[in-house]
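K.L.:
Residue 120 in the numbering used here sits at position 120 of the sequence shown, with consecutive numbering throughout.
Beta carbons: idealized from backbone N, C-alpha and C, even for Gly.
Here it is: the structure, laid out below.
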Amino acid sequence: ATAHVGSTRVDYRDESVAPAQRVFKSQRVWALLVDVYEADGRDSSVRSAYERMIELRIATPQTVVNYARYLEERACFEDSFRAYERGIAEFGYPVAIELWNIYLKRFVDRFGGSKLERTRDLFEQALDGCPSEYAKPVFVAYGQLEETYGLARRALRVYERATRGVANADRLEMYRFYIAKTAELVGVAHTRAVYERGISELGDVGAMQLSAEYAQTELQLGEVDRARALLAYAAQFADPRTDPRVWQQWHDFEVQHGSEDSFKEMLRVKRSVQARATDARHLAEVELSKQPVKSKKPAVDLPTATANPDEVAIDDDDL
């Protein structure tokens, strides 16, 4: 069967072609052939069969994985990696990202940090041309590589890239992940810059949620005035009648940390936002045929954070 040259254009399911002329495109026949060769210990024939399946474009992603694992089990690691690369080139996205994820894991499992520059190059290749909707797991694995074998500052740079490199639907979650990693690796106080960039870059809903979470972080740091300013900012994007969560958070905050005047101010802002939301709905109903105007978020005006005399400044180069 491996000697049959046959055209890759032949479709095995095309009954207008004689069975003898299309049997070479049968996945089942090739799979049986591989099993026979492998049982007989004919390594070169097994390899040739797998390669021919890829050439004929009848290999499935699982075929590529099986081929790579066959080679890996025989300690032919470089050949195994080339098999993954061959499959990635043949299939393209979205299948390619699944093969990349397996390939990168096997490579890291094999070499750990001993071939760090080569591993970084592989991650960069995986991200190059990768559609944003498939990029998140690659960015996360890349950052984890740097955390384990590289430098904390490099890991954070990868996570920062990820906030812009993933699909819009994943950006808020990626920012949350980046914030958590920043707190873990360099301290909670260093999350401020990440929060503020996220608030400025995300849409209204993301900005609202991130501002409310930022307020909770500031409260943990003892910054009551900054937390209040962030809640007031987040509340601008939340209609009290349809999205009461931020308002409940602000209400509970004022009950615990505020005064009568600050509570009244919260109620005043609430009435103002509710009236604005009502007007916006009315205008939308009147002007349904018009294109929606992208809202422009107002700048958040935060009080200056209290200086911590015990805080040590961290330079990126020291991480």
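Taking 8 Å as the limit between beta carbons, can you name the residues of its chain near Glu324, skipping five residues before and five after?
P.N.:
Residue numbering for the chain in the displayed model covers 1 to 319; residue 324 lies beyond these limits and cannot be assessed.
K.L.:
Can you tell which of Val255, Val273 and Glu218 has the C-alpha that lies nearest to the C-alpha of Thr242?
P.N.:
Val273
K.L.:
Determine the direct distance from the alpha carbon of Ala96 to that of Ile102, and round the result to whole angstroms.
P.N.:
Within the model, the alpha-carbon separation for Ile102 versus Ala96 is close to 10 Å.
K.L.:
So Ala155 is in the alpha helix (DSSP H); what residue range does that whole segment cover?
P.N.:
In this chain, the alpha helix (DSSP H) harbouring Ala155 covers Ala152 to Gly165.
K.L.:
Output needed for Phe263: all residues of its chain with C-beta closer than 7 Å, excluding positions within five of it in sequence on either side, in chain order.
P.N.:
Glu254
K.L.:
Check Ser259 in the structure and name its three-state DSSP category.
P.N.:
Here Ser259 sits in coil by DSSP.
K.L.:
Whole angstroms are fine: how far does the CA of Asp35 sit from the CA of Glu72?
P.N.:
Separation of Glu72 and Asp35 (C-alpha to C-alpha, rounded to the nearest whole angstrom) is 17 Å.
K.L.:
Would Ser44 be called buried (16 or more neighbouring beta carbons within 10 Å of its own) or exposed?
P.N.:
In the assembly as shown, Ser44 is an exposed residue. Its beta-carbon has fewer than 16 other beta-carbons within 10 Å.
K.L.:
So, is Gly143 buried or exposed, given that buried needs 16 or more other C-beta atoms within 10 angstroms?
P.N.:
So Gly143 ends up on the buried side.
K.L.:
Do the region 225 to 242 and the region 199 to 210 make contact, defined as three or more Cβ pairs closer than 8 Å?
P.N.:
Counting C-beta pairs with one atom in each stretch, the region 225 to 242 and the region 199 to 210 have three or more that are closer than 8 Å, which means they touch.
K.L.:
Could you check which residue in Ser114, Arg157 and Thr278 has the C-alpha nearest to that of Ala185?
P.N.:
Inspection of the sequence shows that residue 185 is occupied by Leu rather than by Ala. Among Ser114, Arg157 and Thr278, the Cα nearest to that of Leu185 is on Arg157.
K.L.:
Please list, in chain order, all residues of the same chain as Ala59 whose beta carbon is under 6 Å from its beta carbon, the five residues on each side excluded.
P.N.:
If you ignore the 5 residues before and after Ala59, its C-beta comes within less than 6 Å of the C-beta of Met53, all in its own chain and listed in chain order.
K.L.:
So is Ser114 buried or exposed if we call it buried at 16+ other beta carbons inside 10 Å?
P.N.:
exposed
K.L.:
Assign Ala193 to one of two classes, buried (16 or more other C-beta atoms within 10 Å of its C-beta) or exposed (fewer than that).
P.N.:
exposed
K.L.:
Using only alpha-carbon positions, find the residue among Arg197, Gly203 and Asp301 that is nearest to Ala169.
P.N.:
Gly203
K.L.:
With burial defined as no fewer than 16 other Cβ atoms inside 10 Å of the residue's Cβ, what is the status of Ser259: buried or exposed?
P.N.:
exposed
K.L.:
Which of helix, strand or coil does DSSP assign to Thr217?
P.N.:
helix
K.L.:
Below 7 Å CB to CB, which residues in the same chain sit around Thr119 once its five sequence neighbours on both sides are set aside?
P.N.:
Apart from the 5 residues on each side of it in sequence, Thr119 sits with its Cβ closer than 7 Å to the Cβ of Phe107, Val108, Phe111 and Leu145 in its chain, given in chain order.
K.L.:
Over the uninterrupted alpha helix (DSSP H) stretch that includes Phe237, give me the two end residues.
P.N.:
Premise fails: Phe237 is in no alpha helix (DSSP H) and is neither H nor E.
K.L.:
So, for Val166: in the same chain, excluding its five sequence neighbours on each side, which residues have a beta-carbon less than 6 Å away from its beta-carbon?
P.N.:
Ser132, Ala135, Lys136 and Met174
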